[in-house]
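Each residue of the sequence shown is one higher than the last, beginning at 4 in the numbering used here.
We put the beta carbon where it would ideally sit given N, CA and C, even for glycine.
Presented below is the structure to which this report refers.
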Amino acid sequence: MTLLLFLEQVLNGLQSGVMLFLTAAGLTLVFGVMGLINLAHGSLYMIGAFAAAAIAAATGSFTLAIIAALTAAAAAGALVEMVVIRRLYTRDHLDQVLATFALILIFSEATRWVFGSFPLYLDIPDALSGSVRLPGGIEYPRYRLALIAVGLTLAAGLFFLISRTRLGIQIRAGESDREMIAALGVNISKLYTLVFALGAALAGFAGALVGAIQSVQVGMGEPVLILAFVVIVIGGIGSIKGALVGAVLVGLTDTLGGVLLPEALRLFMAPSDAAAVGSALASMLIYLLMAVVLIWRPHGLYGMRA
4 MTLLLFLEQV LNGLQSGVML FLTAAGLTLV FGVMGLINLA HGSLYMIGAF
54 AAAAIAAATG SFTLAIIAAL TAAAAAGALV EMVVIRRLYT RDHLDQVLAT
104 FALILIFSEA TRWVFGSFPL YLDIPDALSG SVRLPGGIEY PRYRLALIAV
154 GLTLAAGLFF LISRTRLGIQ IRAGESDREM IAALGVNISK LYTLVFALGA
204 ALAGFAGALV GAIQSVQVGM GEPVLILAFV VIVIGGIGSI KGALVGAVLV
254 GLTDTLGGVL LPEALRLFMA PSDAAAVGSA LASMLIYLLM AVVLIWRPHG
304 LYGMRA
């Protein structure tokens, strides 16, 4: 493997990681603040992608598509929290898992009923099409660079929101002692709805952005949900910083493993066998990474000790 190809794959891993962070950040906010296991979070990712693809096809505007994705995902998240999730806060995790798994089935079938079973496609805007030459002679897609920039900007915005604003103080206080902040006059129901809608909007935004580089189809949120859970376990439940670090680690591990392992195995077996075995082993690397982190730090890289 050449150095340029390696650096290009590092950028691909970073882009994958920051997009995964947008989904994992909403999931860790919901789990950290509400103590809720939300298996339907991937469905909100899917809703954002489908809303963006539908509006882009109808209007031809990528900006309107992104606004539609944010609005649809946030509205769906707020509605789900008020109608379903609000009744599960005092229930055990098994009830939460069963209820949110039912939501996955409902959202999947509703999306298939509205949009059909065939995938939709979201075009990259003209201003971000093509590639740019980076230092060292790397030709890299302009849209993927924009995804990295947007993801890191939103990460900085989330850090500021959580650590420097009044809403962030309420969110952190709600994570520590929800009864106390309710006694101090904070409307805990509105706070929970806002946090859930914010997490849903982040997931929908990620779905819309990623939908421009892959097809938009029913069920696309479930693989992302699994990776998001891996991210928050690695980074530490309830930690935005941990979600970012964990997402980048997962993105780099998945991308580089898929390239480096087949290359290494070609030294010992035929190229076709090396590609197949290397791909299978690469898909296991992120879970091996999670296992190593949990052995070293059972609460995650930035999670609080019990």
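Sequence-distant partners of PRO144 (beyond 5 residues in either direction) whose C-beta falls short of 7 Å from its own C-beta, in its chain, are SER134. Here the C-alpha atom of ASP98 lies approximately 12 Å from the C-alpha atom of ARG89.
Your pair LEU42 and THR103 checks out as a contact, with CB atoms roughly 4 Å apart and the cut at 8 Å. Of the other Cβ atoms in all chains shown, fewer than 16 fall within 10 Å of the Cβ of MET287; this residue is therefore exposed. Less than 8 Å divides the Cβ of LEU25 from the Cβ of LEU157. The distance from the Cβ of TYR195 to that of MET37 is about 6 Å, consistent with a contact at the 8 Å cut-off. Comparing alpha-carbon positions, the option among LEU259, THR258, PHE232 and ASP257 lying closest to ALA246 turns out to be PHE232. Taking the Cα positions, SER46 is about 7 Å away from SER111.
Non-local beta-carbon contacts of ALA28 in its own chain, meaning distances under 7 Å to residues more than five positions away in sequence, involve LEU161, LEU205, ILE243 and ALA246 in chain order. Within the region 106-159, the complete beta strand (DSSP E) segments at least 3 residues long are 134-137 and 141-144, listed from N- to C-terminus. Counting every other CB atom within 10 Å of its CB across the protein chains shown gives GLY63 a total below 16, marking it as exposed. Put simply, of HIS44, ALA78 and GLU182 the residue whose alpha carbon is nearest the alpha carbon of GLU225 is HIS44. Across the set VAL86, ILE40, GLY119 and GLY51, the C-alpha of ILE40 shows the shortest separation from the C-alpha of ASP95. Judged by pairs of C-beta atoms under 8 Å, the region 55-74 touches the region 115-127, as three or more such pairs exist. Shown here, VAL21 sits in a helix according to DSSP, grouped into three states. In the DSSP assignment, ARG94 falls outside any alpha helix (DSSP H) and carries neither an H nor an E. In the DSSP secondary-structure assignment, VAL219 is bridged to LEU123. A check of alpha carbon separations from LEU7 across LEU30, VAL262, VAL87 and GLY139 identifies GLY139 as the nearest. Here DSSP, grouped into helix, strand and coil, assigns ASP180 to coil. Three or more beta-carbon pairs separated by less than 8 Å are not found between the region 68-81 and the region 185-194, which leaves the two stretches without contact.
Distance from ILE151 to GLN12 at the Cβ level is roughly 14 Å; contact not present, criterion being Cβ atoms closer than 8 Å. In the structure shown, the three-state DSSP call for ARG300 is coil. Non-local beta-carbon contacts of LEU137 in its own chain, meaning distances under 6 Å to residues more than five positions away in sequence, involve TYR143 in chain order. In this structure, the straight-line span from the alpha carbon of ILE109 to that of ALA273 is close to 45 Å.
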